[in-house]
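One structure below.
Number of protein chains: 2
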Amino acid sequence: MKANQNYKNIAQSYLFSTIAKKVNEFSQKNPDKKIIKLGIGDVTLPLCRAVVDALKSASDEMGVKETFHGYGPEQGYNFLKEEIQKYYQDNKVNLDIDEIFISDGAKSDIGNILDLFDKDNKVLVPDPVYPVYVDTNTMAGREIEFIDANAQNNFLPMPDNNIKADIIYLCSPNNPTGAVYNKEQLKQWVDFANKNNAIILFDAAYECFITDSNLPRSIFEIEGAKTCAIEFCSFSKMAGFTGTRCGWTVVPKTLEFDDMNLNKMWLRRQTTKFNGVPYIVQKGAQAVFSEEGKKQIKENLNYYKENAKMISEVLTKHNIWHIGGKHSPYIWLKCPNDMNSWDFFDYLLENIQIVGTPGAGFGKNGEKYFRLTSFGSKENTKEAVERLDKFLN
Amino acid sequence: MKANQNYKNIAQSYLFSTIAKKVNEFSQKNPDKKIIKLGIGDVTLPLCRAVVDALKSASDEMGVKETFHGYGPEQGYNFLKEEIQKYYQDNKVNLDIDEIFISDGAKSDIGNILDLFDKDNKVLVPDPVYPVYVDTNTMAGREIEFIDANAQNNFLPMPDNNIKADIIYLCSPNNPTGAVYNKEQLKQWVDFANKNNAIILFDAAYECFITDSNLPRSIFEIEGAKTCAIEFCSFSKMAGFTGTRCGWTVVPKTLEFDDMNLNKMWLRRQTTKFNGVPYIVQKGAQAVFSEEGKKQIKENLNYYKENAKMISEVLTKHNIWHIGGKHSPYIWLKCPNDMNSWDFFDYLLENIQIVGTPGAGFGKNGEKYFRLTSFGSKENTKEAVERLDKFLN
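So the sequences go chain by chain: A and B. Counting the first sequence from 1 gives a position; our numbering is that position plus 10. Counting the second sequence from 1 gives a position; our numbering is that position plus 10.
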């Protein structure tokens with residue numbers, strides 16, 4: 011048997027392990043100093059009441075013969091797909107129920123969707139970037155090209171005629187930068203893809219943080235997207251499902267390349283290589299859309315947004331260039347005094363015991379930048395902001 | 011973008027849709043006749059008490075900040091991996107904790123494991139067969155060869171020197187035939203794989219039905235398997251998790267091909283393209299191994315086994331050749347009077363309203379055979395057996 015040799019080309023990322031090591035060493039030397047972690051990419055608030063109640067009630071159903079659920083539809087139960095359909099309708103996007111596929115999270119589907127594409131497609135990925143786009147394509151042996159996201163383009167790279175790409179990754183609101191495309195910008199990408207027979211893989215995992223109704227929360231708000239885009243979304247950040255695992259993928263029925271229909275192909279892929287999301291988890295996700303659920307998750311999102319606002323305000327006060335934080339849980343800042351991002355990491359840790367994520371860990375354009383997140387507790391975030399304020403004076 | 015052209019070569023299976031259509035037509039014409047379905051491949055008993063309690067208590071944990079669980083380890087929590095490790099130890103198989111990967115079911119991992127292999131490997135699949143082995147490799151463009159399972163070899167094909175294969179699928183207890191390899195037979199496969207630098211993908215999803223301690227429940231009971239085999243297992247049939255989604259995959263650390271370590275590759279694959287099984291589901295699965303859990307799932311397994319025994323007994327009484335049913339929920343029988351399997355399907359439906367699965371749907375060697383399952387209710391199975399007894403007289 012010959013193993014997949016492409017695995018030899020996957021870069022090893024030491025970003026988070028290096029951070030953990032540095033934090034560990036510091037706290038062993040300074041056991042009395044309180045470290046505040048603003049590098050967390052995971053939610054910290056618990057599941058809301060409505061979701062917990064739904065999970066428990068579905069668990070009870072599973073314990074009774076008459077209401078027990080065995081194998082479900084691989085693409086998800088209609089009761090959940092209909093709620094997602096309505097969620098898009100409220101945003102003026104009409105989807106057919108068969109265009110929505112329930113997933114166990116955006117990460118799985120972003121990886122698995124590549125099964126539908128030939129190996130010899132050229133991939134375009136913005137830099138800095140969520141590492142999964144690059145690693146999954148490297149595993150499959152695809153050629154990857156990067157497009158620069160930087161201060162000149164506000165970390166929102168745009169297409170131009172020099173770009174040759176078959177598969178284009180866009181993430182908006184962006185991880186790690188928090189930058190958000192407006193409709194005109196996304197329209198340029200959609201037009202580019204349609205013109206060049208390319209497909210856009212649109213990662214909308216952070217759409218729930220968008221409050222400005224002029225900003226697109228779905229690529230399907232853009233005319234023409236249904237012939238060139240697949241969208242990935244998730245309950246992870248929206249409702250704290252990072253450990254509960256549920257999301258969805260939208261594959262339009264009109265998405266065809268050389269007479270091959272991607273909606274039918276994805277259905278075939280999922281029915282063959284996936285067995286659906288647990289019934290109880292889908293019932294929990296359904297509760298996110300109930301009246302109480304909607305109210306409760308909004309409270310949680312507002313909690314994180316308040317944190318983001320506090321961080322953004324102190325940076326503004328001290329004239330530190332930054333984006334994100336408004337329609338995103340991430341704040342992306344330029345390290346002061348032209349510092350390198352790992353130096354700034356050490357500097358913050360040593361002096362005021364705040365831990366963030368060095369931008370260099372997300373790609374070459376991340377160098378001299380730094381990511382803070384709003385997923386900490388309000389108390390800790392407040393304390394961190396006070397430390398920053400004093401220190402930056 | 012060029013779509014994956016291999017999808018054009020996937021066979022469309024109309025097996026279960028054709029069955030559903032025939033049953034529908036019959037019941038519309040004969041609304042007063044009670045149809046008994048013995049074709050079901052899904053469990054029908056609810057989750058046991060211990061599991062439901064664990065799911066509910068884990069749901070409560072998720073609703074409280076102090077006990078909330080966000081992203082977990084992609085390869086599963088140690089609390090569950092340790093229980094599985096013990097389950098193997100009780101069976102005299104020693105596994106390192108890092109050799110066990112928690113999955114959302116055997117089907118996903120049986121499909122996804124192919125990411126680790128080069129496209130140009132030759133695949134060997136027994137016929138008749140669970141269609142997933144064939145379809146997943148067809149999607150990836152691999153060449154597939156079949157090995158005949160038939161009455162001559164008791165539906166347990168053995169290796170010989172004419173076979174050229176890099177990836178070998180074995181399923182024992184078998185779906186659809188219920189045939190079980192003994193240790194000597196599996197040893198021949200393990201030796202063959204080691205000698206020919208091949209890998210065995212061992213589907214052990216039905217191991218819990220084995221009661222004879224001389225029959226191997228895991229391929230790792232066989233000396234040499236840790237250098238040539240990956241094993242897939244599931245809580246689906248063991249504990250009724252078909253709609254709750256949990257299983258595990260064992261990838262030995264000693265599994266190396268050309269200096270590439272498959273355990274490390276699988277860890278890398280899973281951390282990149284998977285985000286783990288829901289915390290609550292893993293807590294539910296853990297409860298399967300509690301004292302009450304073990305007792306309760308045994309009761310359920312015995313319930314299905316009793317059904318299988320009834321079916322097997324009536325076939326024996328009427329001299330109908332069959333295998334399975336003893337260490338498997340499936341009974342595989344030779345259609346009487348040399349009938350074709352779809353003719354026998356119609357014959358049973360028309361005359362005594364029993365629905366089974368025509369063997370021809372599982373491959374060419376399934377022709378003239380028929381699958382019955384023990385997943386119905388005891389009452390229905392008993393009634394079906396009475397009808398069969400009368401009819402076969």
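We put the CB at the ideal spot given by N, CA and C, even for glycine.
Backbone secondary structure at residue i - three-state DSSP
i: leucine 124/B; result: helix
i: leucine 55/A; result: coil
i: asparagine 408/B; result: Missing from the structure shown is residue 408/B; chain B here goes from 11 to 403 and no further.
i: serine 384/A; result: coil
i: glycine 9/B; result: Chain B is shown from 11 up to 403; residue 9/B falls before or after that span and cannot be answered.
i: tyrosine 357/B; result: helix
i: valine 142/B; result: helix
i: serine 113/A; result: strand
i: alanine 318/A; result: helix
i: lysine 18/A; result: helix
i: lysine 132/B; result: strand
i: valine 261/A; result: coil
i: proline 368/B; result: strand
i: leucine 277/B; result: helix
i: alanine 203/B; result: helix
i: serine 244/A; result: strand
i: tyrosine 379/A; result: strand
i: lysine 44/A; result: coil
i: phenylalanine 284/A; result: coil
i: glutamate 463/A; result: Nothing can be reported for residue 463/A, as the shown portion of chain A is limited to 11 through 403.
i: tryptophan 352/B; result: helix
i: aspartate 108/A; result: helix
i: lysine 102/A; result: coil
i: tyrosine 191/B; result: coil
Inter-residue CB distance, residue i and residue j (contact presumed, cutoff 8 Å)
i: isoleucine 240/A; j: threonine 259/A; result: 7 Å
i: phenylalanine 219/B; j: histidine 337/B; result: 5 Å
i: glutamine 296/B; j: alanine 116/B; result: At roughly 18 Å, the Cβ-Cβ gap does not stay under 8 Å, so glutamine 296/B and alanine 116/B are not in contact.
i: valine 133/A; j: glutamate 155/A; result: 7 Å
i: leucine 196/B; j: isoleucine 229/B; result: 6 Å
Same chain, Cβ closer than 7 Å to residue i, neighbours up to 5 away in sequence not counted
i: valine 139/A; result: Phe372, Gly373
i: asparagine 375/B; result: Asp137, Pro138, Asp158, Ala159, Asn160
i: serine 280/A; result: Strictly speaking, residue 280/A in this sequence is glutamine, with serine absent from that position. So the qualifying residues of the chain are Glu84, Gln85, Phe111.
i: phenylalanine 127/B; result: Ile177
Cut-off 8 Å between Cβ atoms - residues of its own chain near residue i, not counting five sequence neighbours on either side
i: proline 83/B; result: Gly286
i: threonine 146/B; result: Ile120, Gly121, Leu124
i: asparagine 164/A; result: Ala189, Ile333
Close-in-space but distant-in-sequence residues of the same chain around residue i (CB under 6 Å, 5 per side omitted)
i: phenylalanine 251/A; result: Phe245
i: leucine 382/A; result: Leu48, Ile321, Ile341, Gly366
i: asparagine 390/B; result: Ile46
i: tryptophan 331/B; result: Lys344
Cβ-Cβ distance between residue i and residue j below 8 Å
i: phenylalanine 380/B; j: valine 261/B; result: no
i: valine 103/A; j: lysine 247/A; result: no
i: valine 144/A; j: valine 135/A; result: yes
i: glycine 419/A; j: aspartate 201/A; result: The structure shown does not extend to residue 419/A, since chain A is modelled only from 11 through 403, so no value can be given for it.
i: proline 339/A; j: tyrosine 314/A; result: yes
i: alanine 175/B; j: alanine 208/B; result: yes
i: lysine 75/A; j: proline 56/B; result: yes
i: lysine 32/A; j: leucine 359/A; result: yes
i: serine 23/A; j: isoleucine 290/A; result: no
i: serine 351/B; j: alanine 370/B; result: yes
i: methionine 11/A; j: asparagine 131/B; result: yes
i: glutamate 301/B; j: lysine 388/B; result: no
Inter-residue Cα distance where the pair is residue i and residue j
i: isoleucine 364/B; j: glutamate 396/B; result: 11 Å
i: phenylalanine 231/A; j: serine 182/A; result: One point to set straight first is that residue 231/A is glutamate, not phenylalanine, in the sequence displayed. Distance between the alpha carbons of glutamate 231/A and serine 182/A is about 13 Å.
i: phenylalanine 89/A; j: tyrosine 98/B; result: 39 Å
i: tryptophan 199/A; j: alanine 249/B; result: 49 Å
i: threonine 187/B; j: glutamate 217/B; result: 14 Å
i: asparagine 14/B; j: alanine 150/B; result: 8 Å
i: lysine 44/B; j: histidine 328/B; result: 24 Å
i: lysine 308/A; j: asparagine 192/A; result: 23 Å
i: alanine 318/A; j: phenylalanine 401/A; result: 19 Å
i: cysteine 58/B; j: arginine 255/A; result: 23 Å
i: lysine 305/B; j: aspartate 100/B; result: 16 Å
i: glutamine 38/B; j: alanine 21/B; result: 30 Å
i: leucine 180/B; j: asparagine 204/B; result: 15 Å
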